[in-house]
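S.K.:
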Amino acid sequence: MPSTDPSSERKALRATAREFAGDVLSKAREVTDALPTATERYRATRPFYEKMVAAGFLRRLVPQALGGDGTGASTAAVLAEELVAGDPSVALNLFSTGLGLAPLLRAGNADQRARHLPPFLATAGAPLASLALSEPGGTANLDEPGRDVGLRTTARRRNGQWIVNGAKQWVSHATGWEGTGPDLMAVVARAGNSPDPRRSTAVLLVPGPIDGLRIDELLDPLGHRAHLLPRFSLVDVRVPDADLVGEVGDGLGIVNASFGGALIGACAAGVMRVAFDAALAFARTDRRGGRVPVVEHQGVGFLLADVKTRIEAVRSLTYRACAALDRGAPGAEELSVHAKVFGSEAAVQSLLDLMRVIGVDSYGHHLPLAGLLQDALAYPLFSGGNIGFRRRRLQAMLADPAYDPWATFEA
Ligand SMILES: Cc1cc2nc3c(=O)[nH]c(=O)nc-3n(C[C@H](O)[C@H](O)[C@H](O)COP(=O)(O)OP(=O)(O)OC[C@H]3O[C@@H](n4cnc5c(N)ncnc54)[C@H](O)[C@@H]3O)c2cc1C
21 MPSTDPSSER KALRATAREF AGDVLSKARE VTDALPTATE RYRATRPFYE
71 KMVAAGFLRR LVPQALGGDG TGASTAAVLA EELVAGDPSV ALNLFSTGLG
121 LAPLLRAGNA DQRARHLPPF LATAGAPLAS LALSEPGGTA NLDEPGRDVG
171 LRTTARRRNG QWIVNGAKQW VSHATGWEGT GPDLMAVVAR AGNSPDPRRS
221 TAVLLVPGPI DGLRIDELLD PLGHRAHLLP RFSLVDVRVP DADLVGEVGD
271 GLGIVNASFG GALIGACAAG VMRVAFDAAL AFARTDRRGG RVPVVEHQGV
321 GFLLADVKTR IEAVRSLTYR ACAALDRGAP GAEELSVHAK VFGSEAAVQS
371 LLDLMRVIGV DSYGHHLPLA GLLQDALAYP LFSGGNIGFR RRRLQAMLAD
421 PAYDPWATFE A
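Take the sequence shown: its letters are residues 21 to 431, numbered as in this note's numbering.
#1: Verify the contact flag: Trp190, CB atom, against every heavy atom of ligand 1, threshold strictly below 7 angstroms.
#2: Contact defined as beta carbons within less than 8 angstroms: I believe Asp381 pairs with Val327. What is the distance between those atoms, to the nearest angstrom?
#3: Buried or exposed: where does Phe279 fall if 16 or more other Cβ atoms within 10 Å of its Cβ makes it buried?
#4: Which of the three DSSP states, helix, strand or coil, is assigned to Leu151?
#5: Grab me the residues of His385's own chain with a C-beta within less than 8 angstroms of its C-beta, minus the 5 sequence neighbours each way, in chain order.
#6: Rounded to whole angstroms, what is the Cα-Cα separation between Leu238 and Ala152?
#7: In the DSSP assignment, find the unbroken alpha helix (DSSP H) run with Ile183 in it and report its ends.
#8: In this structure, how does DSSP classify Phe40 when only helix, strand and coil are distinguished?
#9: Considering only heavy atoms of ligand 2, does any lie closer than 7 angstroms to the CB of Ser403?
#10: Output yes or no for whether 8 angstroms exceeds the beta carbon distance between Ala32 and Glu102.
#11: Starting from Pro227 and walking both ways along the beta strand (DSSP E), at which residues does that stretch end?
#12: Thr338 lies in the alpha helix (DSSP H); which residues open and close that run?
#13: Leaving out five residues before and five after Met21 in sequence, what residues of the same chain have Cβ atoms less than 7 angstroms from its Cβ?
#14: Within a Cβ cutoff of 6 angstroms, which residues of the same chain sit near Phe40, ignoring the five residues on either side of it in sequence?
#15: Give me, in chain order, the residues of the same chain whose beta-carbon lies closer than 8 angstroms to that of Val155; leave out the 5 immediate sequence neighbours on both sides.
#16: Where does Phe68 fall in DSSP's three states?
#17: At what residues does the beta strand (DSSP E) containing Ile235 begin and finish?
#18: Starting from Asp373 and walking both ways along the beta strand (DSSP E), at which residues does that stretch end?
#19: If you check the beta carbons only, do Ser150 and Pro202 fall under 8 angstroms apart?
#20: Does DSSP classify Thr57 as helix, strand or coil?
#21: Please determine, among Ala194, Leu45, Gly92 and Ala127, the residue with the shortest C-alpha to C-alpha distance to Ala277.
#22: Checking the sheet assignment: what are the DSSP bridge partners for Pro250?
#23: Using 7 angstroms as the cut-off, classify the Cβ of Asn276 as near or not near the heavy atoms of ligand 1, replying yes or no.
#24: List the whole-angstrom C-beta distance separating Gly106 from Gly166, where the pair is believed to meet the contact cut-off of C-beta under 8 angstroms.
#25: Examine the Cβ distances between the stretch 208-217 and the stretch 362-377 and report whether three or more of them are shorter than 8 angstroms.
#26: Below 8 angstroms on the Cβ atoms is my guess for Ala100 versus Cys287; work out the distance and round it to an integer in Å.
#27: Nearest to Thr159 by CA position, among Met205, Glu198 and Val191, is which residue?
#28: Looking only at C-alpha atoms, which of Leu204, Leu371 and Ile331 sits nearest to Ala295?
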């Protein structure tokens, strides 16, 4: 159980998670990379996932008030930074289940939690949850009013239940381990007849195995190679009224709250740290046939210095955003979006800079940088793309006459 002092609790969690990342997760890439298909690589992560569950890390993503061990955004960020430093792809498997649970945790009722949460509170097994938002043809405009635009998955009332139809893609864990769906899928759909997405967007909970789930294609992502990302259809999936989260019309707010941004800042910090360690070790020891270690060349030293500045900035912004979220401070959402946008783009830029420090030898997979860059390239694009979602959110805040730019100073 977590201790009561938040800073000593986070310190203890950081030490535990760092040791686990070094002992367990850092071994995952050599296991998964050797396998030829995405399905095999994904299934090979199961023993690692089971160990994360057994270590109590999944319980850490469920608030204490709901039966888990979670104590807020700051502790979740510590966990993300440390586990991602062990293996970004396998760590993302855990945090994707956290994302899938978010609608239930944030907006579910007591009955829904009692029925769906127990498998995720255990410290055994490999329970998976999934948030199914993204659709073929794009999702950035899910709040666009009108009938032929925005989200295209529908939930229609028939004989006292919801019938869900539509197509989704890039949804983590949508296949489940066996292709029959995760233990719980939170599906975002347009329900009812209103063309206004603020009145019609809904989140419905679908436990697995899912009758009506059809996997159409497995995508071939650049990074996160141990993650399985399908394109799939939901065909006449039946959902009882009791599994509608909140009310029809609550969906946009639930989605916005579920895709918390600060966690991606923490993932970015984890990736940057590992790459920085590798590049610094190289620069301090390798002379490349010259007389001095390459760190003594100003061009190399300055690159490393700039990356270190970025790592410090990303971590400060991320943990500041998390502290604000934990206090419910005004400005917390804005800080969280800044942490996502700045952290994700700083990670990509820093990996490119650190590859320039090492030079050509960074291009092979015998050093971690190439693989980390492949993973980090997802950060600006996923969890609400930085253009299609995140900067638009900031723009909407800026355009609001009630916006106080310096409320963040109090956060
Ligand atoms: C590893 C990984 C895991 C993922 N896991 C999940 C998951 O679990 N669940 C899930 O639902 N999704 C998941 N995704 C998908 C991802 O989170 C979303 O599809 C993505 O965030 C969609 O963002 P987008 O901005 O690219 O949207 P899109 O709609 O695809 O937009 C694409 C581009 O169009 C432009 N654009 C579109 N509309 C506008 C506009 N109005 N204003 C300005 N520009 C616009 C922008 O340039 C934008 O980048 C995952 C993706 C990856 C890579």
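We treat Cβ as the ideally placed atom computed from N, Cα and C, and that holds for glycine.
M.R.: Considering the structure as presented:
#1: Checking the Cβ of Trp190 against ligand 1 gives yes.
#2: Not quite, the Cβ-Cβ distance comes to about 18 angstroms (not below 8 angstroms), so this is no contact.
#3: Result: buried.
#4: Strand.
#5: Excluding the 5 residues flanking it on each side, His385 has same chain C-beta neighbours closer than 8 angstroms at Asp53 and Gly391, in chain order.
#6: Taking the straight line from one Cα to the other gives about 15 angstroms.
#7: Unbroken run through Ile183 is the beta strand (DSSP E), Gln181 to Gln189; no alpha helix (DSSP H).
#8: Under the three-state reduction of DSSP, Phe40 is assigned to helix.
#9: This structure does not include ligand 2; its bound ligands are ligand 1.
#10: Contact flag unset, no.
#11: For Pro227, the enclosing beta strand (DSSP E) starts and ends at Thr221 to Pro227.
#12: Taken as a continuous stretch (DSSP letters only), the alpha helix (DSSP H) holding Thr338 covers Gln318 to Arg347.
#13: In this predicted model, Met21 has a pLDDT of only 49, less than 50, meaning its place in the structure is not dependable; the value taken from the coordinates is given anyway. Answer for Met21: Asp89, listed in chain order.
#14: Excluding its 5 nearest sequence neighbours in each direction, Phe40 has C-beta neighbours in its own chain below 6 angstroms: Ala75, listed in chain order.
#15: One point to set straight first is that residue 155 is Glu, not Val, in the sequence displayed. Within the same chain, Glu155 has close Cβ partners Leu171, Arg172, Thr173, Gly186, Ala187, Lys188 and Gln189.
#16: Looking at Phe68 - three-state DSSP - the assignment turns out to be helix.
#17: Leu233 to Leu238 is the span of the beta strand (DSSP E), which, as asked, contains Ile235.
#18: The continuous stretches of beta strand (DSSP E) do not include Asp373, which lies in the alpha helix (DSSP H) extending over residues Ala352 to Ile378.
#19: In this structure, Pro202 lies closer than 8 angstroms to Ser150 by Cβ.
#20: In this structure, Thr57 counts as coil in the three-state DSSP scheme.
#21: Selected option, being the one with the closest Cα: Ala127.
#22: DSSP lists Leu238 as the bridge partner or partners of Pro250.
#23: Not so, every heavy atom of ligand 1 lies at least 7 angstroms from the Cβ.
#24: Contact between Gly106 and Gly166 is ruled out by a C-beta separation of about 45 angstroms, above the 8 angstroms threshold.
#25: They do not touch, by the three-pair rule.
#26: Distance from Ala100 to Cys287 at the Cβ level is roughly 5 angstroms; contact confirmed, criterion being Cβ atoms closer than 8 angstroms.
#27: Nearest to Thr159 by C-alpha distance, out of Met205, Glu198 and Val191, is Val191.
#28: Nearest C-alpha to Ala295: Leu371.
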